[in-house]
Amino acid sequence: MSIAFDVRAGDPARAATPLLIVALPSEPALPRALAALDKRYDGALSRAIRRKDFQGGKDESLLLFAPGAGPERVLLVGTGSGDAVKGLTRAATLAGRKANALGVGSAAFWAADLSDAALEGVVVGLSLGAWEFKELHTPAPAAKRKKPLSGVFVFVGDVRSAKTALAAGVAVAEGQRITRRLAMLPGNICTPEYLARTARDIGKRHRLTVKVFGRREMTRMKMGSFLAVAQATTQDPKLIVIEYKGGRRGEAPVALVGKGLCFDSGGISIKPAASMELMKFDMSGAAGVLGAMEAIARMKLRINVVALVGSTTNMLGGEAMKPGDVVRASNGKTIEIQNTDAEGRLVLADVLHYAKRYKPQAVVDAATLTGACVVALGTTTVGVMGNDQAVIDEVLAAGRRGGEVGWQLPMFEEYKELIKSDVADMRNIGWRGAGTITAALFLAEFAEGMPWVHLDVAGTAYAEGDLVVMPKGPTGTPVRTFVEFVRGRAR
Ligand code: BES
Ligand code: MN
Ligand code: ZN
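Going by the working numbering, the first residue of the sequence shown is number 30, and it counts up by one from there.
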């Protein structure tokens with residue numbers, strides 16, 4: 030459920046709320062602004078700090094109950110000792126999760142001297158933490174149902190000037206909600222057609238141009254690489270285009286590209302059965318693009334953006350592509366398919382080539398492209414590669430601002446040897462090593478002439494374990510990286 034956010038000024042001690050969240054840094058002294066609250070709580074806040082029951086560390090929290098009037102409960106959350114915005118965002122995420130679990134329904138949030146960036150982070154964090162995916166569960170009986178967190182107000186110094194940051198936070202939060210829901214939905218519900226419908230919904234909401242191409246149109250466009258992946262699926266593959274025109278007429282757009290594999294069985298090079306169900310998440314790049322478009326449109330950013338999603342499922346059957354097959358992509362290049370499980374790059378090849386018609390100022394793609402990226406960088410760092418160092422640096426900075434840290438891997442010429450084929454212009458896999466890099470080098474062949482950055486989000490889009498601040502499942506990455514990048518280029 031979406032949370033209704035608002036800001037207000039005043040003394041948190043007087044807030045009539047079932048839960049007041051108070052964020053404090055490491056080894057806190059009780060702020061003057063909380064003196065009245067402490068008094069209402071018979072000095073429990075200052076005592077908790079003095080006795081070190083609460084020390085403000087990262088992921089630390091303490092729940093207190095009021096003996097009298099005012100906020101019914103106070104939840105102290107620690108922001109740690111590092112970067113303030115990052116610490117507050119994480120503390121807010123943990124608080125959102127706890128508030129939702131308590132079933133209080135609504136809450137208030139207080140932290141000292143919230144900057145605009147911090148307020149935005151708090152809103153995003155609370156929304157991230159309170160997010161749940163319950164729609165496929167049978168609802169609990171009404172008597173046992175807990176109230177989801179549905180309303181929060183944040184205490185700020187100046188209500189009027191805080192409204193913009195509040196709106197930005199809500200925009201990002203709503204974008205992430207779309208992304209996480211799509212990534213969580215199973216392959217039998219979230220189909221290429223479903224992604225197309227979601228794009229149309231976003232388009233309708235914000236008056237954007239949406240185009241959807243199917244097998245027929247893609248055949249006409251000679252997208253032999255993309256279509257090879259879609260050969261064994263009965264579902265119509267979709268190339269989804271959303272055009273957002275917030276910039277000057279004729280100004281080159283930023284292109285956001287997403288891998289949208291609604292299920293990846295591996296094809297004839299079939300994946301092992303264990304954890305294969307995770308491969309419903311193989312459309313996380315596409316989900317990130319759609320969520321980012323929702324956020325960008327809500328923020329009314331003054332820039333042109335085109336979203337391009339390539340969506341299908343990678344299945345087996347008598348019609349399926351086979352190892353050894355050679356296909357021709359829309360740019361004329363031939364590809365020897367040596368492993369049908371390296372399908373994401375086959376889809377993106379034709380989508381990246383399609384992006385050229387927009388003469389974009391920059392292209393950023395996101396894809397759950399390689400298991401090798403999870404090996405190299407784990408589950409907390411995005412793999413970043415590209416053909417333009419300045420834009421790569423820009424994307425890395427955007428990721429840092431958005432709390433989705435990336436790390437660049439090299440695209441040295443030497444690696445290109447690994448994707449050479451005996452029978453075609455290239456092959457779709459490399460050697461055992463450097464799998465994330467060879468995948469990116471393959472994509473680079475189709476991004477020629479455009480400043481392009483590739484995000485491998487195979488490890489970061491979906492948490493396979495509990496992350497303390499949020500449950501296992503989709504994380505919302507790379508929505509914030511996309512939004513921050515586009516925002517950084519907007520007028
Ligand atoms: N969608 C997968 C990548 C993936 C694997 C993401 C595991 C998260 C966890 C992709 O389509 C894939 O299967 N890649 C292969 C490439 C290989 C055949 C060169 C991989 O990583 O094993
Ligand atoms: Mn695959
Ligand atoms: Zn895949």
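Beta carbons: idealized from backbone N, C-alpha and C, even for Gly.
- Chain order is used for the residues whose beta-carbon lies nearer than 5 Å to a heavy atom of ligand 3, namely L290, D293, D311 and G373.
- Judged by the Cβ position, D354 fails to qualify as a neighbour of ligand 2 at the 6 Å threshold, every heavy atom of the ligand being at least this far.
- Each residue's CA atom was taken as its position, placing K176 and A128 some 10 Å apart.
- Between A159 and L178, the alpha-carbon positions lie close to 7 Å from each other.
- For I458, the shortest C-beta to heavy atom distance toward ligand 1 is below 6 Å.
- With contacts defined as CB atoms closer than 7 Å, R509 and E423 fail to qualify as a contacting pair.
- Every beta strand (DSSP E) of 3 residues or more that sits fully in the region 410 to 461 is shown, in chain order, as 411 to 415 and 435 to 437.
- The beta carbon of G400 sits closer than 6 Å to at least one heavy atom of ligand 1.
- Within the same chain, Cβ atoms closer than 7 Å to the Cβ of F471 are found at R374, I448, M455 and N457, the five residues on either side in sequence being excluded.
- By a beta-carbon distance limit of 8 Å, G314 contacts T397. Their separation comes to about 6 Å.
- In the same chain as N368, and ignoring 5 residues on each side of it, the C-beta atoms closer than 6 Å to its own belong to S298 and I458, in chain order.
- Between ligand 2 and the CB of D265, the shortest heavy atom gap is not smaller than 6 Å.
- If you look at Y383, you'll find it isn't in any beta strand (DSSP E); it sits in the alpha helix (DSSP H) that goes G373 to A384.
- Classified as buried, D370 has 16 or more neighbouring CB atoms from the shown chains inside 10 Å of its CB.
- Remark: C-beta atoms of R102 and L53 do not approach each other more closely than 7 Å.
- Taken atom to atom, the span from the alpha-carbon of D293 to that of K309 is near 7 Å.
- Counting along the chain, N333 sits inside the beta strand (DSSP E) bounded by residues N333 to N343.
- Listed as beta-bridge partners of E222 by DSSP are no residues whatsoever.
- Set against 6 Å, the gap from the CB of A172 to the closest heavy atom of ligand 1 is not smaller.
- For T397, the Cβ falls inside the 6 Å cut-off from some heavy atom of ligand 1.
- A heavy atom of ligand 1 is found nearer than 6 Å to the CB of A487.
- A distance below 7 Å between beta-carbons, with the five flanking residues on each side excluded, links K329 to the following residues of its chain, in chain order: G275.
- Three or more Cβ pairs closer than 8 Å define a contact, and the region 332 to 341 meets that threshold against the region 383 to 395.
- Proximity of the beta carbon of N217 to ligand 1 is not indicated: no heavy atom of the ligand is located closer than 6 Å.
- By the neighbour-count criterion, in which 16 or more other beta carbons inside 10 Å mark a residue as buried, S31 falls on the exposed side.
- DSSP places D394 inside the beta strand (DSSP E), whose first and last residues are A391 to A396.
- Three or more Cβ pairs closer than 8 Å define a contact, and the region 180 to 194 meets that threshold against the region 34 to 41.
- Taking A130 as reference, the option from V498, Y223 and K300 with the minimal CA-CA separation is V498.
- With respect to the 7 Å criterion, V515 and I271 are not classified as neighbours on the basis of their beta carbons.
- By the Cβ neighbour-count rule, G353 is exposed, with fewer than 16 other Cβ atoms within 10 Å of its own.
- Between the C-alpha atoms of F162 and V283 there is a straight-line separation of about 32 Å.
- The nearest non-hydrogen atom of ligand 2 is less than 6 Å from the C-beta of D370.
- Only buried fits I466, as 16 or more other CB atoms lie within 10 angstroms of its CB.
- A Cβ-Cβ distance of about 38 Å is found for the pair G431 and A349, leaving them out of contact under the 8 Å criterion.
- Taking C-beta atoms under 8 Å as the contact rule, A321 and K267 fail to qualify, at a distance of about 18 Å.
- Taking D417 as reference, the option from V411, S304 and L425 with the minimal CA-CA separation is L425.
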